[in-house]
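One structure is given below, encoded as structure tokens.
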Amino acid sequence: MTPLQIIFIIVAVITLFAAIKVVSSRNLVHAALWLILVLFGIAVFFVILSAGFFAAAQVVIYIGAIAILMIFTIMLTRRVARDSGAQHNSNWWAAAVLSLLLFTGLSWILSRWQGFQSTAQPMLESADPLRQLGEGLVAPGGYLIPFEVASILLVAALIGAITVAWERK
Amino acid sequence: MTQQLTTITETLVERFPGAVLKDERPGYEGYLVSAENLPEIAQFLRDQMGYDYLSSVTGVDYLPEGKMETVYHFFRSTGGSALELKVSLPRENPVVPSLVSIFPGAELQERETYDLLGIIFDGHPDLRRILLWDGFDGHPLRKDWQEPYYEEEAKPFKSRWPEGRAIRVEEKNIFKKNVKYPAGFDPETFTPEGDTSLFASLDKLKRHDEESGMKSDHIIINFGPQHTSTHGVFRMAAAVEGETIIGLKPAMGYLHRNHEKIAERNTYLMNMPYTDRLDYLSPLSNNFGYAIAVEKLMGIQPAERAEYLRVIMAEFTRISNHLFLIGSLLNDLGAYFTPMLYALEERELILDVFEAVTGSRMMCNYFRFGGVARDLPEGQLQKIKDLAFDRLPRKIDEMDRFLTESEIIRARGVGVGVLTPEEAIAYSTCGPVLRASGVPYDVRRADPYSIYERFDFDVAVRYHGDVYDRFLLRFDEIRQSIRIIQQAVRDMPEGPVQSGKPQYQAKVPAGEAYGRVEGPKGELGYYVVSNGKPNPWRYHVRAPSFINLTALEKLCVGNKVADVFAILGSIDIVLGETDR
Amino acid sequence: MTTGSVWEWIIKSVVIVFGLLTGFAYLTLLERKVLAKIQVRIGPNRAGPMGLFQPLADAIKLIFKEEIIPSRADKIIFVLAPIITVIPALIILGVLPFGGIITLFGRQISLSLADLNVGVLYITAIASISIYGIVLAGWSSNNKYAMLGGIRSSAQMISYELALGLSFIGPILLSGSMSLHDIVAAQKPLWFVVYQPVGALIFWIATLAEVNRAPFDMPEAEQELTAGYHTEYSGMKFALFFMAEYIKMIAVSAIAATLFFGGYRFVLEDQYPILGPVWLLGKVIVLLFGMIWVRATLPRIRYDRLMAFGWKFLFPLALANVFFTAIGIVLEKLWLIPLLTIAVFLGAVVMVGISETRRWRSHVF
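Chains as they are written, first to last, in this note's numbering: chain A, 397 to 565; chain B, 51 to 630; chain C, 183 to 547.
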């Protein structure tokens, strides 16, 4: 095993454990903290895959913005931060069956994927993945339309949020 | 004056036949009214006669006559002397109608009178103890109340070493322990209701729920008693919604020592140094008010040179107090001590003068009945001149230049904590708080005392009633004080500083007097009742920083948490005076 | 990856961390001395010559102080929070170039720890993590002051991160790279502050808010919230918060120097690369002095106004700055950028001034 694989296994175990803790923690703030650990683990995977940009973006957007907003809302609703209700409801077995099905399905699809057999080409030294990503997003032949549609969606959401929060005098 | 008073008497007697009697006791003035007619008469005084400013509410326990009296001092906000109303009450179960609905400024004062004298104000919205704690037994200003280590009724006490043998005061302990609890009181099981009722008065504020349809919650935050910005052990319980204040109640008394009870045990002159301890930032103004009240009773005039010295010292006190305020207000706004230290540098110079003239920097004890304790030492006049003509005007201009136009100070102060003139009068606010709201009421002009009539100075007024105006007003007042000092130094005659020979035991004839001065924090009044003995029968301080706090909730509601301290800082309180 | 280079990394990391810790200690002394001089006082002068041992004395005091954990606090998070605060502050400078390449003991040694091609992004990522310590400290203390302080700080830092991120874009566009090494190299002819005066100003203001320095020290607003999020902390845990704040100050000053003031480059640096760290240190000290000066001079802005300022003034201005920078680069007329951005900035200031003055004096009795 290469050192990289060892690191991968360690990080994967930590991430999975944290993921389980996210759904099993009684305290909402603790759950949010475990979620941050999960997100951080994924950022580490990006680093292992030499995708520095995605790692940084993962940290900035998911940990730095989304998770902090979650914590913010939890803190503002102080009373519900501690869940005293039952940990499971009556549908737990249905959820277990569903997730098991999903897991086997995913494993089956992945096991048939050719990508595992072939070795990926190493990136060229001269290639600039950032530049390629940028061009891919805004070049007319690339993903320009989905990119713009996504930004319009976000603007719409923003306006919606302002409308909801607007205090009419 | 006499003409005017006669007409007032006639109008009152005509309007309320049988309910208003002139107080005919020797040395007393004002009117005795019946309890049930009091609100009606107060309303009439406010609406028809122009007595719209209820300055002081207090009470006196006349134990020998077996009755109590509440005493009200009304003034016109356009100036003039006092109109005094008294209500005679039985000592058992004294109940008098509350004036809070007519004069909101009576709120804290009536609570204080209830707390200390046990007079119940019927119709008061929030009649709780204010200075003492819930488990306190009795009402200490009643003359038959005795403290744990009670020795004698009045000072000077008898020798503690009669026949060469010491009598320890602990042996005289009348309760056999140092605390006395009310009947049925067990300290082990006692749960203080003060907090509960304090918060209960705030919990009525769940109003947003119905209005917006959205369920919103408010939390109650305690500021103090140990807090960096309350200028002492002062406490406020604030209900906040997000960062906005929706309700606020002051809680005080943490520094209470019953100044008034102690002062009633003291002889008249012994109280002079004791007044220094009220507002320890402006000791000489405190001396001034007390000296005026007692001199009124004694019917003496201070020596001419002493009058000038008094004015110079009182105005220096005002400057030093305002400098301190400007510095600490800027600190409250979050400036990290820089303006504070520059302001203190100038204040130090003034304290140097105090030290040289009075012998002490803060506890000055300089005034005497009929004059001042001593004349200026050699060379001090030159120092005062240097300060008044050169250093202070220059430094004040410099500070004004650096602070006034600062964007952040404007942003923090303008439009924050607004008090309209009508509210300012109704809440009995005084001093800079009142004048920043556009009411040009300054006791030095409105009801001149000492020799202020001789000086040419303006009453500083500002017209927006916000924190920024209260801040600027302090600069205006400092400038006017410097003008007064300049004139006083110029005109001061030579001569003795005491009228008559100095006496250790002032002979004060029976009667009552209300002496008031324009202290740096506002109208500082002393209500003194004498029964001809060496000790005052009643000694009440109308403390400006206490009464200005009545308007605190009004000022704070709707503002942000950070503004509370700007507002509190701009009111200028000193806890030594608030809690007494 | 040779053993030698691993050792080199380790040694460089240790030097950076200890440099930052020493810097923190003496920054506190510098701040107290400078504040004292501004406030006509003397400042610390008892411990050692000119008070030079004062930081040592403070450290000893803080280490031996009693550590109090409130009984109803969330203990794990309460202990974890100061640590979470310090770590980002210590690692944020990992991508910063401290100098060029020097030859030492016959080895070519680069005076920087790492050259990430997304260096700027790394900095924003770490900066965004540093909120957590404060928020969690505020929440776990189970204290209303601390809680309000935590909420304030999270809202404040999120708001100012936007303007901060946008002010990074100017240097990125001008140098065409996100690597801090390339950005420093691109400033060889002229510092970016010349092309990006408004960008530098936005960066400066936003970093003041980001590190909770006056006049944006809301989370710990002494006059309102006693000590804000660290109200319940004492001893060494408190010292960690304190440490994080000052290390962050050093870090953002170093980043500002790198992005806008030519980094480690200055006269004679080409001939003697060892001068690089010295010049960088000099620039950092000048910028730190500016921060201390601001603290000594300005009162605090009220919280809602701080948010309004961040969202309604700083953020649009940063957007405009990016826009005009891009225009200048596309037209290949770089001198246009400062002219246009300063014009926009002045216009915005005048507009705000007019509307504020009108609003302020709307009531007169």
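The beta-carbon is built from N, C-alpha and C at its ideal position, and this holds for glycine as well.
Nothing here was measured: the structure is a model prediction, and the numbers come from that model.
Following the DSSP letters along the chain, one finds B:L599 in no beta strand (DSSP E), marked with neither H nor E. Any Cβ of chain C closer than 8 angstroms to the Cβ of B:I617 would place that residue at the interface, and such an atom is absent.
Cβ proximity to chain C below 7 angstroms picks out K610 from the region 597-610 of chain B.
For B:T388, the uninterrupted alpha helix (DSSP H) segment begins and ends at T388 to T408. Listed by position along chain A, the residues whose Cβ is nearer than 8 angstroms to that of C:L298 are G448. Assignment of beta-bridge partners to A:T411 by DSSP yields no partner.
Distance from the CA of C:A271 to the CA of C:W191, rounded to the nearest whole angstrom, comes to 19 angstroms. Under the three-state reduction of DSSP output, B:N337 falls in the helix class.
Counting C-beta pairs with one atom in each stretch, the region 154-173 of chain B and the region 69-84 of chain B have fewer than three that are closer than 8 angstroms, which means they do not touch.
With distances taken between CA atoms, A:R527 lies nearest to C:V300 out of C:V300, C:A382 and C:L480. Scanning B:A132, B:I528 and B:G515 for the CA closest to the CA of B:P471 turns up B:G515.
If you draw a straight line from the Cα of B:T325 to the Cα of B:P333, it comes to about 7 angstroms. Counting only Cβ-Cβ distances below 7 angstroms, B:T388 has contacts in chain C at I220, Q221, A478 and T479, in chain order. Cβ neighbours of B:R592 within its own chain (closer than 6 angstroms, five residues either side excluded): S106 and G575.
Within 10 angstroms of the beta-carbon of B:A233 lie fewer than 16 other beta-carbons, which makes it exposed.
Out of C:L372, C:G233 and C:L457, the CA that lies nearest to the CA of C:A218 is found in C:G233. Between the alpha carbons of C:I273 and C:F424 lies a distance of about 16 angstroms. When DSSP states are grouped into helix, strand and coil, C:A409 belongs to the coil group. DSSP places C:F443 outside both helix and strand once states are collapsed to three, so it counts as coil. Per DSSP, the beta-bridge partners of B:G569 are B:G572.
For C:M418, none of the residues of chain A pass the 8 angstroms Cβ criterion, the least Cβ distance being about 23 angstroms.
For B:K299, the enclosing beta strand (DSSP E) stretches over residues T294 to A301.
Taking a Cβ-Cβ cut-off of 8 angstroms, B:E291 has no neighbours in chain C, whose nearest Cβ is about 12 angstroms from it. Identification of chain C residues near B:I459 by a Cβ-Cβ cut-off of 8 angstroms yields P481, ordered along the chain. The C-alpha of B:G297 lies about 29 angstroms from the C-alpha of C:G492. In the three-state reduction of the DSSP assignment, C:S294 falls in the strand class. Taking C-beta atoms as the reference points, C:G458 and C:G201 fail to come closer than 8 angstroms. Using a CB distance below 9 angstroms, the part of the region 321-340 of chain C facing chain A consists of W321, S322, M329, G332, I333, S336, A337, M339 and I340, ordered along the chain. For B:A287, none of the residues of chain C pass the 8 angstroms Cβ criterion, the least Cβ distance being about 12 angstroms.
Under the Cβ distance rule, C:A396 counts among the residues neighbouring chain B, one pair being separated by less than 8 angstroms. Distance check between A:I406 and each of A:P542, A:I444, A:S420 and A:F450 places A:I444 closest, using alpha-carbon atoms only. B:H309 sits in a helix when the DSSP states are folded into three classes.
In the three-state reduction of the DSSP assignment, B:R529 falls in the helix class, which pools H, G and I. Taken in chain order, the unbroken stretches of beta strand (DSSP E) that lie wholly in the region 262-287 of chain C and span 3 residues or more are 279-286. Residues of the same chain with a CB within less than 7 angstroms of the CB of C:A239, apart from the 5 flanking positions on each side, are A229 in chain order. Contact between B:A288 and B:I271 holds: CB atoms are separated by about 5 angstroms, below the 8 angstroms threshold.
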